[in-house]
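Oh and the sequence shown: position 102 is 108 in this note's numbering, straight run, nothing missing. Ideal placement from N, C-alpha and C gives every residue a C-beta, glycine not left out. Input: a single structure, listed below in structure tokens.
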Amino acid sequence: MFDCIIVGAGPAGATAAYHLSRRGRSVLLLEKAALPRYKPCGGGVSPQVAQWFDFDFEPVISQKVTRVRYSYKMQDIVETDLGTAEPIWMVRRDEFDHYLVKQAQRQGTTLQDETKATGIAFERDRWQVQTSREPVQGRYLIAADGARGPVARWLGFRNRVMTQGGAVETEPRLPVMEGHIAHFEFGLLKNGYVWNFPKADGYSIGSGVFRLSKRKSRDLVQPMADYAAQFQVDVSMTQQHGHPLCLWNGDQVLHSQNALLVGEAASVVDPFTAEGIRPSIFSGLKAAAAIDGAIAGDPNALEGYTQTMAAELGSDLRWAGRLAKAFYAAPGLGYRVGIKSPKGTALMAQVLCGELPYSAVVQRALRRLSGGLLTR
Ligand SMILES: Cc1cc2nc3c(=O)[nH]c(=O)nc-3n(C[C@H](O)[C@H](O)[C@H](O)COP(=O)(O)OP(=O)(O)OC[C@H]3O[C@@H](n4cnc5c(N)ncnc54)[C@H](O)[C@@H]3O)c2cc1C
């Protein structure tokens, strides 16, 4: 029997595995895919995550971005330096996630990939997890199975608080020009943006919406195709992958009997930028501390995880939610008074790098947006 079974070997699950194993707890990490596995993702990662680990990420940083280039409806182009102490990392998710898993294995985590969790039951003092192979047992369970995973539902979390979004991505391999520049286009999609993030050997090009309409489906592929053409990429010749996004939309209970939700299973994605890797890693870090505390006998440790996530992540993402609401309601205005201002970019980059909390910049941004509305 393991101290903890973690379902899902993305950034959230691998981080929880790493930190629990490091604390001497026995961990089984279940992953349905064969590792390394592809995950549709831009692969933009905040360098802040380095401070939560004691190993070097350099082997899996494909590019480092120091500048951004924005456009609105493919016009009105502006380019500016990020101006942060550290550049933003660009990673390939198959490499990045597998690297994290290997670090966890080095600390003692047992990995079973190509093993799908198919059901769970709590019996007396432990979880029985049915899998596509043998059943397994653990005292604690972490749901780290991402936006599409079933474990939160199995645990009884039927109406999780979240905004449902979606994105489509393609990763053409070709020689990269200006690998230090990330590209964003804000006018081709309602409630979202189109991106082109450089990698050492190609790009991640994609489009995402951060609020799905219940009434009409959205064409994410055409905006991505139109934008990609600028970079001499014909997306009809590349593989495209769609994926849902579970965006933060309020604090919620993230624990139940001997179990925690982490990462996108806990809807931690930033509702303004759709950044999910850093918050997923953060949740994995905090979940490991909580389960370690519970094993050590603290009866309030799991509830403490819910509270920590609200106090340390929710308090910040609340501001991101306010900004998303104001910006995506009037993106043309937001582009003119917010994005195009070098100060705006510098502040957002500092938020992305963990140098500033959202609260420090959103009030300014909202003032500028309402000032812009008055002068329009
Ligand atoms: C197109 C797109 C672009 C994005 N771009 C960025 C970006 O540039 N930067 C950023 O920070 N965020 C980005 N995100 C968000 C980010 O990818 C996610 O928030 C992040 O991957 C969530 O991590 P996770 O560990 O919670 O889940 P995941 O990374 O989704 O991992 C979950 C794992 O669980 C496994 N699993 C699922 N069900 C089972 C089961 N039953 N049994 C066993 N294993 C199972 C899956 O195979 C998967 O490996 C993007 C998202 C999308 C869709």
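Enumerate in chain order the residues of its own chain whose CB-to-CB distance from residue i is below 8 Å, with the five nearest sequence positions on each side excluded.
i, result
"Ala326", "Trp254, Asp276, Pro277, Phe278, Thr279, Tyr364 and Val368"
"Asp9", "Leu26, Arg31, Ser32, Val33, Gly144, Arg145, Tyr146, Ile297 and Ile301"
"Pro93", "Pro53, Lys70, Val71, Thr72 and His186"
"Phe216", "Thr169, Gly171, Asn197, Gly198, Leu251, Leu253, Pro277, Phe278, Ala280, Ala330 and Tyr334"
"Tyr209", "Glu177, Pro178, Leu180, Val182, Asn202, Phe203, Phe237 and Val239"
Residue i to residue j, Cα distance in whole Å?
i, j, result
"Val200", "Asp60", "34 Å"
"Glu64", "Glu129", "43 Å"
"Cys47", "Gly256", "23 Å"
"Leu308", "Lys38", "26 Å"
"Glu191", "Asp82", "10 Å"
"Met315", "Gly299", "16 Å"
"Ser213", "Phe237", "15 Å"
"Arg324", "Ala371", "14 Å"
"Thr244", "Pro250", "20 Å"
"Asp240", "Asp100", "23 Å"
"Ala352", "Thr116", "42 Å"
"Asp62", "Glu361", "20 Å"
"Ala188", "Pro42", "25 Å"
"Ala330", "Leu260", "24 Å"
"Pro178", "Leu226", "17 Å"
"Met7", "Asp131", "11 Å"
"Arg164", "Leu375", "36 Å"
"Arg28", "Ile287", "15 Å"
"Ala295", "Ile11", "15 Å"
Taking DSSP's pairing of strands, which residues face residue i in a bridge?
i, result
"Asp87", "Arg73"
"Thr176", "Ile211 and Gln246"
"Gln143", "Gln134"
"Ile11", "Leu34 and Leu147"
"Glu191", "Ser77 and Val200"
"Thr169", "Leu253"
For residue i, decide whether its Cβ has a neighbour in chain B, counting only Cβ atoms nearer than 7 Å.
i, result
"Val167", "No chain B is present in this structure, which holds just one protein chain."
Below 7 Å CB to CB, which residues in the same chain sit around residue i once its five sequence neighbours on both sides are set aside?
i, result
"Gln57", "none"
"Leu122", "At residue 122 the sequence reads Lys, which differs from the Leu that was named. Once the five neighbours on either side are set aside, the close Cβ partners of Lys122 are Lys38, Thr137 and Ser138."
"Gln356", "Thr90 and Leu362"
Closer than 6 Å by C-beta to residue i: which residues in its own chain qualify, once you throw out the five before and the five after it? Chain order, please.
i, result
"Tyr78", "Phe192, Gly193 and Tyr341"
"Val157", "Val13, Ala149 and Asp151"
"Val51", "Trp95, Val97 and Ile283"
"Gly350", "Gly344"
"Arg75", "Glu85, Ile187 and His189"
"Gly320", "Asp257"
"Ala127", "Gln134"
Go through the stretch 200-279 residue by residue and report every complete run of the beta strand (DSSP E) that reaches 3 residues or more, in order. Runs of beta strand (DSSP E) with 3 or more residues, each lying fully within the stretch 200-279, are found at 208-215, 246-253 and 265-267, listed in chain order.
Counting Cβ pairs, one atom from each stretch, are 3 or more of them under 8 Å apart for the stretch 166-178 and the stretch 140-150? In short, these stretches do not touch, since the Cβ pair count stays below three.
Run through the stretch 321-375 for me and flag every whole alpha helix (DSSP H) of 4 or more residues, listed as ranges in chain order. For the stretch 321-375, whole alpha helix (DSSP H) runs of length 4 or above, ordered along the chain, are 321-335, 337-340 and 348-358.
With contact counted as at least three CB pairs below 8 Å, one residue from each stretch, are the stretch 232-243 and the stretch 180-199 in contact? The stretch 232-243, when compared against the stretch 180-199, does touch it at the 8 Å Cβ threshold.
Does the structure place the stretch 146-161 close enough to the stretch 261-270 that three or more beta carbon pairs sit under 8 Å? As far as the Cβ criterion goes, the stretch 261-270 touches the stretch 146-161, which means the pair count is three or higher.
Entirely enclosed alpha helix (DSSP H) segments - the stretch 13-64, minimum 4 residues: Taken in chain order, the complete alpha helix (DSSP H) segments of 4 or more residues contained in the stretch 13-64 are 17-28.
For the stretch 81-141, list the beta strand (DSSP E) runs that are entirely contained and at least 3 residues long, ordered along the chain. Segments of the beta strand (DSSP E) lying fully in the stretch 81-141: 81-87, 94-96, 116-118, 123-129 and 132-137.
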